[in-house]
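Under our numbering, the first residue of the sequence shown carries the number 22, and numbering increases by one thereafter. We put the CB at the ideal spot given by N, CA and C, even for glycine. Just so we're clear, the structure is a prediction, and the values are computed from it rather than from any experiment.
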Amino acid sequence: MTTPRGDVTALFLGPPGSGKSELIRALRWSDTGEPVPKPDAGVPVLFPAGPGLFLGELSCPPAAPGPWAAEADVLVLVLPRAGGGPGPELAEAGRAALARGVPVLAVLTRIPGPGEEEPERARARGELVAAGLDSVPLFLVAGPEPHGAQWAALRAALEREVAALERLLPPAQEGFEVLGEEELAAVREAFEAGGLEAVLSWVRASLERLGSAQVDLGVAGEGAGAVLDALRGLGEGDEGAAPAEPPPRPLPYPAPDHPNVVLWALPAGPPEDARPRCHAVVLVSPGPLGPEEAARGRALSQAGTPCFHVRTDGAGPGAGGGQEGPDDESWVVLGGEDPEPPPPAFPLRPGGLPGLQEALRRALAPAQGAALLLALPPASPAGARAKAEALRGEAWRPALLASLAATAPVPGLGWACDVALLRGQLAEYRRELGLEPGALARRERALGLPPGTLAALARSALSHGATREAVEERLRGWAGEGRAGGVLLGALGFLFPVGGAVATGGLGYRAAHGVLSQGLAELQADAEAVLGADPGPPEA
Numbered sequence: 022m023t024t025p026r027g028d029v030t031a032l033f034l035g036p037p038g039s040g041k042s043e044l045i046r047a048l049r050w051s052d053t054g055e056p057v058p059k060p061d062a063g064v065p066v067l068f069p070a071g072p073g074l075f076l077g078e079l080s081c082p083p084a085a086p087g088p089w090a091a092e093a094d095v096l097v098l099v100l101p102r103a104g105g106g107p108g109p110e111l112a113e114a115g116r117a118a119l120a121r122g123v124p125v126l127a128v129l130t131r132i133p134g135p136g137e138e139e140p141e142r143a144r145a146r147g148e149l150v151a152a153g154l155d156s157v158p159l160f161l162v163a164g165p166e167p168h169g170a171q172w173a174a175l176r177a178a179l180e181r182e183v184a185a186l187e188r189l190l191p192p193a194q195e196g197f198e199v200l201g202e203e204e205l206a207a208v209r210e211a212f213e214a215g216g217l218e219a220v221l222s223w224v225r226a227s228l229e230r231l232g233s234a235q236v237d238l239g240v241a242g243e244g245a246g247a248v249l250d251a252l253r254g255l256g257e258g259d260e261g262a263a264p265a266e267p268p269p270r271p272l273p274y275p276a277p278d279h280p281n282v283v284l285w286a287l288p289a290g291p292p293e294d295a296r297p298r299c300h301a302v303v304l305v306s307p308g309p310l311g312p313e314e315a316a317r318g319r320a321l322s323q324a325g326t327p328c329f330h331v332r333t334d335g336a337g338p339g340a341g342g343g344q345e346g347p348d349d350e351s352w353v354v355l356g357g358e359d360p361e362p363p364p365p366a367f368p369l370r371p372g373g374l375p376g377l378q379e380a381l382r383r384a385l386a387p388a389q390g391a392a393l394l395l396a397l398p399p400a401s402p403a404g405a406r407a408k409a410e411a412l413r414g415e416a417w418r419p420a421l422l423a424s425l426a427a428t429a430p431v432p433g434l435g436w437a438c439d440v441a442l443l444r445g446q447l448a449e450y451r452r453e454l455g456l457e458p459g460a461l462a463r464r465e466r467a468l469g470l471p472p473g474t475l476a477a478l479a480r481s482a483l484s485h486g487a488t489r490e491a492v493e494e495r496l497r498g499w500a501g502e503g504r505a506g507g508v509l510l511g512a513l514g515f516l517f518p519v520g521g522a523v524a525t526g527g528l529g530y531r532a533a534h535g536v537l538s539q540g541l542a543e544l545q546a547d548a549e550a551v552l553g554a555d556p557g558p559p560e561a
């Protein structure tokens, strides 16, 4: 398998009018659109140039280059066309980068007249030497078009430095896909508008919006309470369990921690009394649907509402050890003159209703299916994989929130906030995947397994609780990766200068994301093992 490449950010620093935008436009590796000029806000404009590769532009002056240059993996000093050398601030940024071992290049974008190229080169070289940058390679490129030997030499030098860094820097969990251009732009706009406080608010709000689509799922029929409990991972007698008898009026059961997903127990009366309007309906019966249940199903599933059937006797496809799946009984048996396809039927088993959950997600709109996936506990190894994948795709948000905790001005508080936020997120992953002691005990009772059987299948220490010591140890391991013994941020670290996510007391986005991703992978493996331990239905 090909080793993942690391993130690299090349920062182009220079005064206004020195040709930074033209350089970036010509040097971008992929056709991802033309750079759009933006008002100078004192922070870099970042252009994705490929997976894990970003080219940044910052005008200095007016911005101070120091904080931003400290986070760059490659520094490109774009010299003023009118001469005069890099200036004191650019020269200091270049010398500091060289002292850290960061590659530094110098470029002069100017179209010299006949016979002026060598004198121009000698003048620019002398200015670099005077600034203490005599070891920096100099490239004299003639105009904005990427032609000529110097353009080729500049591109080759930059590619060479990037290729070397890609082997040294750790990848940000396939960062170009996890955090794309749209998200980077949103983070940057929040930072420009209100600094780090605005970024924190944006991240918190985006976390609250995850899986926030409204889903109303109606459950009706004899045994509806058992289906409501099975979908929510509850057992008979558990707190919050639904009563066996149908309610006199629609009764809501919001999913824990996901109030936007509501399971409705519908009354046994006429369909017109069964409100509210649901996005999907589940009919429950102890056996095949009779004419009355069939008519009720037709009425409840008007206007294309998806309708499903659950048999509480456990019969149907999968009985005797087969996979759970939809029944194929025909409406015509139920007495309709105009036969219609029957609603898919799923047997209620002690291990839950994984097939029904998957069918519901496929039938709903994508946003609603995602909300249902996040709201209901997984009932099968495949369900655990799907839920972990959804959580993994959004792990960059809590990772960014944890890394920004490093802005706390009190010594040691940034580390404490990092650890506390990561512990909370790992505990949430554990709960979402059904690995809490109460959930394991309920499943053991439902399957008739001795107490402790499922807990013994959980190999990761995180499945038994994310202790402070465990999280700190993982953070220290990630903090030791990268160049110079520290965590190097890619595009995100580049967006926040000293006092932000890369402040002395903070661990940074890459470490937080690494801890969450590794922990989620371990919890997913344990959830698959636990949910795969199903003895199956009793033999006939």
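Query	Result
For P82, which residues from the same chain have a beta carbon less than 7 Å from its beta carbon, with the 5 sequence-adjacent residues on both sides left out?	P36
Which partner residues of S306 appear in the DSSP bridge assignment?	R332
W172 bridges to which residues according to DSSP?	DSSP lists no partner for W172.
Taking DSSP as the reference, what is the three-state secondary structure of A548?	helix
Could you check whether E314 and L304 sit closer than 8 Å to each other, using their CB atoms as the reference points?	yes
Under the assumption that V240 contacts L272 (Cβ atoms under 8 Å), give the Cβ distance between them as a whole number of angstroms.	10 Å between Cβ atoms; not a contact.
H300 by DSSP, collapsed to three states: which one?	coil
Is the segment 387-395 in contact with the segment 543-551, if contact means three or more CB pairs nearer than 8 Å?	no
Excluding sequence positions up to five away, which residues of its chain have a Cβ less than 7 Å from the Cβ of A85?	E110
Would you mind reading off the limits of the beta strand (DSSP E) that contains D237?	236-242
Given a threshold of 16 other Cβ atoms within 10 Å of its Cβ, counted over all protein chains shown, does D278 qualify as buried or as exposed?	exposed
I'd like the span of the beta strand (DSSP E) that includes P368, first residue to last.	366-368
Taking the straight line between their C-alpha atoms, what separation do you get for A320 and P327?	12 Å
Suppose you measure from the CA of R253 to the CA of L496; what does that come to, to the nearest Å?	34 Å
Specify the secondary structure class of A185 as computed by DSSP and reduced to three states.	helix
Answer with buried or exposed for L32, where buried requires no fewer than 16 other C-beta atoms within 10 angstroms of its C-beta.	buried
Label R418 either buried or exposed according to how many other C-beta atoms from any shown protein chain fall within 10 Å of its C-beta, with 16 as the threshold for buried.	buried
Which of the three DSSP states is assigned to L416 in this structure?	Correcting the residue type first, residue 416 is Ala in the shown sequence and not Leu. Coil at A416, not helix or strand.
For G527, name the three-state secondary structure that DSSP assigns.	Confidence is the limiting factor: at G527 the pLDDT is only 35, short of 50, which leaves the residue's position unreliable, though a coordinate-based value still follows. Residue state, collapsed to three classes: coil.
Check whether the Cβ atoms of A286 and A251 lie closer than 8 Å to each other.	no
On the CB-based measure, 16 or more other CB atoms within 10 Å of its CB, does V123 come out buried or exposed?	buried
Find out if the Cβ-Cβ distance for the pair L96, A118 is shorter than 8 Å.	yes
Quick one: what's A326 bridged to in DSSP?	Note that residue 326 is Thr in the sequence shown, not Ala. Paired residues: none, contrary to the question.
Note down, in chain order, each residue of its chain lying with its Cβ closer than 8 Å to the Cβ of L456, except the 5 sequence neighbours on either side.	A479, S484, L544, D547, A548, V551
Restricting to Cα atoms, I'd like to know which of A420, F329, A262, E180 is closest to A380.	F329
Would you mind sorting G498 into buried or exposed? The rule is 16 or more other CB atoms within 10 Å of its CB.	exposed
State the start and end residues of the unbroken alpha helix (DSSP H) segment that holds A388.	387-396
When the distance is taken between beta carbons, is L385 closer than 8 Å to V236?	yes
Could you check how far apart the C-beta atoms of L34 and L98 are, in whole angstroms? I think they sit under 8 Å.	6 Å
Quick one: measure Cβ to Cβ for G261 and R466, integer angstroms, because I've assumed they're closer than 8 Å.	With 8 Å as the limit, G261 and R466 do not qualify as a contact, their Cβ atoms being about 16 Å apart.
By the 10 Å Cβ neighbour count, where 16 or more other Cβ atoms means buried, how is E78 classified, buried or exposed?	buried
What residue from P275, S538, G258, G242 has the CA that sits closest to P268's CA?	G242
Rounded to a whole number of angstroms, what is the C-alpha to C-alpha distance between L310 and P458?	37 Å
What are the residues that DSSP puts in a beta bridge with A276?	H279
Do A491 and A482 count as a contact pair if the criterion is CB distance below 8 Å?	yes
State the beta-bridge partners of A286 as determined by DSSP.	V240, L272
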